[in-house]
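Trainee:
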Amino acid sequence: MDQCMSRPGQKGHASYGLIIYRKGNILCDSLLICYPSQLNGNNTIDGTITSIPYRLRAKKNNVTKECEQKQKDFCNYPKNKHLCSVGHPASIIWHGIMISSEYLNEIKAFNINISLSITDQTYTLNNFSLLNIEFGRKEDIFTRLYPLQIIGVKDKLKYKKLEEHKFDDDLVEEFMANIEKGAYLHKYAGIWTLGLDMLPSSAQRFLHLFVYRGCACKVEAWFKNPTTKGSMLPKTSDPVEGKFTVKDCLERSTDQKHSLGNINKEEKKVNFALWSGNKGESGRIEILDDYENAVLGIYFYQNTINFRNAGNGTWREKYLDTDFLVAGTLMNVTIYLSKYSASISLNSEITKYFNNTFWPLNWWNGRFMKQTKIAKIKIKGDFITITPVFINYLDEVNGTKVGFIL
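If you count by the working numbering, then the sequence shown holds residues 10 to 415, one letter each, in order.
Written as structure tokens, this is what we have:
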């Protein structure tokens with residue numbers, strides 16, 4: 010592949026690359042992208058073997074082992090047998106790139122973590138939602154990382170490239186200084202060599218990527234070629250009748266509990282997003298008292314959501330018709346709790362902006378959950394939380410909002 014040749018109508022040189030997009034507060038357990046390695050010394054591609062100085066060691070780290078297992082699973086599927094015979098992309102050793110994200114409460118930051126087969130180092134970027142992993146350019150063949158800034162709104166989203174986030178400068182400089190002395194690439198391998206290992210030669214013509222998304226990952230990834238418009242974000246596919254089916258993630262589940270403190274003294278706002286599978290049967294979001302009895306409950310079933318309460322009072326709505334548990338989609342949940350009332354907002358791709366409120370008996374007296382010193386929220390059922398569970402409270406002394414996360 011020659012990314013330095015201009016295409017008809019192309020005004021400037023571009024490059025191959027991967028664009029990684031983590032939208033909002035979304036988390037990702039793993040996004041694994043496997044590919045036939047160009048530099049593995051045990052690979053023979055089109056009858057050629059990488060020359061010794063540029064071979065990478067065949068030592069297997071966790072990413073390589075993950076891709077090895079995915080390759081076995083791929084080749085065990087009858088319809089893929091022809092792709093696993095000699096000379097085809099699944100017949101040689103795969104390497105991979107693993108992408109994940111996490112939230113660090115201590116520094117109030119989302120991390121994007123990148124792990125590779127070609128090095129044991131993990132590359133971490135803080136508070137970037139959009140990233141371009143660029144595989145070389147006209148000037149050199151090194152892989153570089155560029156955070157991107159989103160500009161525009163709705164269906165006209167664009168981005169602009171920010172300053173390069175540098176990691177491997179010392180390795181690059183040392184390798185280049187010693188290359189005429191017979192330096193071996195494996196001693197200096199890092200993310201800067203990712204493009205060398207991933208992109209096929211011009212004789213091979215085709216790049217084969219095998220992508221595996223974890224069941225708790227909503228990070229998006231796109232492969233960019235030199236003719237891709239340099240500033241446009243591609244559109245994601247819309248759901249068919251509001252439903253997504255992912256064959257490897259038909260079932261999702263969680264069971265977690267978080268402290269809310271004293272609701273009667275501190276008004277709370279709880280916010281998180283749920284992600285259902287396609288075989289869900291039940292789920293619940295409950296507000297618990299000191300004895301872990303449910304004071305309020307939002308109960309999910311295959312075709313409905315029911316709203317219940319243990320004490321005196323009334324929900325404005327008793328139920329909501331929705332097949333969220335089998336739709337394989339996201340639902341944003343926002344709960345407000347005070348000494349006067351409780352309200353909940355549910356917003357999903359199939360249930361738009363449903364709001365409900367619970368009014369305790371004689372609510373104006375402000376005695377809701379007055380006897381509970383430490384309330385809790387329980388989230389359990391056939392879905393996962395795809396964002397952190399954010400809990401905010403209002404400090405009535407100085408009127409400021411303070412947030413924390415569990």
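Yeah, the Cβ is synthetic: ideal placement off N, Cα and C, and Gly gets one too.
#1: If you measure between the beta carbons of residue 83 and residue 219, is that distance less than 9 Å?
#2: Taking the straight line between their C-alpha atoms, what separation do you get for residue 223 and residue 38?
#3: So, with DSSP's three-state summary, where would you put residue 369?
#4: Assess contact between the region 371-386 and the region 306-313, defined as three or more Cβ pairs (one per stretch) separated by less than 8 Å. Is contact present?
#5: List the whole-angstrom C-beta distance separating residue 31 from residue 124, where the pair is believed to meet the contact cut-off of C-beta under 8 Å.
#6: Buried or exposed for residue 206, going by 16 or more other Cβ atoms inside 10 Å?
#7: If you run the structure through DSSP and keep just helix, strand and coil, what is residue 127?
#8: Between residue 345 and the rest of its own chain, which residues show a CB-CB distance below 6 Å, the 5 nearest in sequence each way excluded?
#9: Can at least three beta-carbon pairs, one atom from the region 386-403 and one from the region 356-365, be found at a separation below 8 Å?
#10: Residue 303 by DSSP, collapsed to three states: which one?
#11: With DSSP collapsed to three states, give me the class of residue 72.
#12: Quick check: residue 394 and residue 386, are their CB atoms within less than 9 Å of each other?
#13: Considering only residues of the same chain and omitting the five flanking positions on each side of residue 249, which have a CB-CB separation below 6 Å?
#14: Out of 212, 144, 370 and 195, point me to the one whose CA is closest to residue 232's CA.
#15: Starting from residue 226, follow its DSSP beta bridges and name the residues at the other end.
#16: Among 235, 192, 35 and 181, which residue has its Cα nearest to the Cα of residue 137?
#17: Does the region 66-84 touch the region 38-52, meaning 3 or more C-beta pairs lie closer than 8 Å?
#18: From the DSSP secondary-structure annotation, give me the bridge partner or partners of residue 419.
#19: So, are the CB atoms of residue 29 and residue 173 less than 9 Å apart?
#20: Alpha carbon to alpha carbon, how far is residue 328 from residue 257?
#21: With three or more beta-carbon pairs closer than 8 Å as the criterion, would you say the region 146-155 touches the region 92-108?
#22: Below 8 Å, is the gap between the Cβ of residue 181 and the nearest heavy atom of the ligand SAH?
#23: Should residue 235 be labelled buried (16 or more other beta-carbon atoms within 10 Å of its own) or exposed?
#24: Please report the residue range of the alpha helix (DSSP H) in which residue 206 lies.
#25: In chain order, what residues of the same chain have a beta carbon less than 7 Å from the beta carbon of residue 1, not counting five sequence neighbours either side?
#26: Starting from the Cα of residue 369, find the closest Cα among 348, 384 and 354 and give me that residue.
#27: Determine the closest residue to residue 24 out of 202, 343, 182 and 141, with distance taken between C-alpha atoms.
#28: Name the one or two DSSP bridge partners that residue 297 has.
#29: Measure the alpha-carbon distance for residue 413 versus residue 268 and round it to whole angstroms.
#30: Where residue 202 and residue 121 are concerned, what is the direct C-alpha to C-alpha distance, given to the nearest angstrom?
#31: Let's test the definition: count the other Cβ atoms within 10 Å of the Cβ of residue 273 and tell me whether it reaches 16, buried, or not, exposed.
#32: What separation, rounded to the nearest whole angstrom, lies between the Cα atoms of residue 355 and residue 343?
#33: Counting along the chain, where does the alpha helix (DSSP H) carrying residue 187 start and finish?
#34: Compare the beta carbon distance of residue 104 and residue 51 with 9 Å and say whether it is the shorter of the two.
#35: Give the DSSP-derived three-state secondary structure of residue 84 in the structure shown.
#36: How close, in whole Å, do the beta carbons of residue 357 and residue 338 come, if the pair is a contact with beta carbons under 8 Å?
Mentor: Walking through what the data contain:
#1: As a first step, residue 83 must be located in the sequence shown, where it is residue number 74. As a first step, residue 219 must be located in the sequence shown, where it is residue number 210. Yes, Cβ-Cβ distance for residue 83 and residue 219 is below 9 Å.
#2: Position 214 of the sequence shown, counting from 1, holds the residue named residue 223. Position 29 of the sequence shown, counting from 1, holds the residue named residue 38. Cα to Cα, the separation comes out at about 6 Å.
#3: Position 360 of the sequence shown, counted from the first residue, corresponds to residue 369. Strand at residue 369.
#4: no
#5: Here residue 31 refers to the residue found at position 22 when the sequence shown is read from its first residue. Here residue 124 refers to the residue found at position 115 when the sequence shown is read from its first residue. Not quite, the Cβ-Cβ distance comes to about 16 Å (not below 8 Å), so this is no contact.
#6: Here residue 206 refers to the residue found at position 197 of the sequence shown. Buried, by the Cβ-count rule.
#7: To locate residue 127, count along the sequence shown from 1; it is residue 118. Residue 127 falls in the coil class under three-state DSSP.
#8: The sequence position of residue 345 within the sequence shown is 336, counting from 1. Here the set comprises 278 and 352.
#9: no
#10: As a first step, residue 303 must be located in the sequence shown, where it is residue number 294. Reduced to three states, the DSSP call for residue 303 is strand.
#11: If you number the sequence shown from 1, residue 72 lands on position 63. Of the three classes helix, strand and coil, the one that applies to residue 72 here is helix, per DSSP.
#12: Along the sequence shown, read from residue 1 onward, the residue named residue 394 stands at position 385. Along the sequence shown, read from residue 1 onward, the residue named residue 386 stands at position 377. No, they are not a contact pair.
#13: Numbered from its first residue, the sequence shown carries residue 249 at position 240. Note that residue 249 scores a pLDDT of 43, beneath 50, so its modelled location is shaky and nothing firm can be said.
#14: Taking the first residue of the sequence shown as position 1, residue 232 is located at position 223. For the residues 212, 144, 370 and 195, the minimum Cα distance to residue 232 belongs to 144.
#15: The count along the sequence shown starts at 1 and reaches residue 226 at position 217. DSSP output for residue 226 lists 37 as bridge partner(s).
#16: Position 128 of the sequence shown, counting from 1, holds the residue named residue 137. If we check each option's Cα against that of residue 137, 35 comes out closest.
#17: yes
#18: This structure gives no information on residue 419, because the portion of the chain shown stretches from 10 to 415.
#19: On the sequence shown, position 20 is the one that residue 29 refers to. On the sequence shown, position 164 is the one that residue 173 refers to. Not a contact, by the Cβ cut-off of 9 Å.
#20: Reading the sequence shown from its first residue, position 319 is the one you call residue 328. Reading the sequence shown from its first residue, position 248 is the one you call residue 257. Looking at the two C-alpha atoms, the distance is approximately 31 Å.
#21: no
#22: Here there are no bound small molecules, and the ligand SAH is not part of this structure.
#23: For the purposes of this step, residue 235 is taken as the residue at position 226 of the sequence shown. Buried, by the Cβ-count rule.
#24: Numbered from 1 along the sequence shown, position 197 holds the residue referred to as residue 206. Looking at the DSSP string, the run of the alpha helix (DSSP H) that includes residue 206 is 203-207.
#25: Residue 1 lies beyond the residue range present for the chain, which begins at 10 and ends at 415; the question has no answer from this structure.
#26: As a position in the sequence shown, residue 369 is number 360, starting the count at 1. It is 348 whose Cα lies nearest to the Cα of residue 369.
#27: Translated into positions along the sequence shown, residue 24 becomes position 15. Closest by alpha carbon: 141.
#28: For this step, residue 297 is matched to residue 288 along the sequence shown. Partner(s): 303 and 385.
#29: As a position in the sequence shown, residue 413 is number 404, starting the count at 1. As a position in the sequence shown, residue 268 is number 259, starting the count at 1. Note on residue 413: pLDDT 41, under 50, position unreliable in the model; no value is reported.
#30: If you number the sequence shown from 1, residue 202 lands on position 193. If you number the sequence shown from 1, residue 121 lands on position 112. When rounded, the distance between both Cα atoms is 19 Å.
#31: On the sequence shown, position 264 is the one that residue 273 refers to. Answer is buried; the Cβ neighbour count reaches 16.
#32: As a working mapping, residue 355 is identified with position 346 in the sequence shown. As a working mapping, residue 343 is identified with position 334 in the sequence shown. Computed Cα separation, rounded: 7 Å.
#33: Within the sequence shown, residue 187 is the residue found at index 178, counting from 1. From DSSP, the alpha helix (DSSP H) with residue 187 extends over 178-187.
#34: Numbered from 1 along the sequence shown, position 95 holds the residue referred to as residue 104. Numbered from 1 along the sequence shown, position 42 holds the residue referred to as residue 51. It is not a contact, given that the beta carbons lie outside the stated cut-off.
#35: Residue 84 sits at position 75 when you count from the first residue of the sequence shown. It is helical.
#36: Here the question's residue 357 lines up with position 348 in the sequence shown. Here the question's residue 338 lines up with position 329 in the sequence shown. Contact holds; Cβ gap of about 6 Å.
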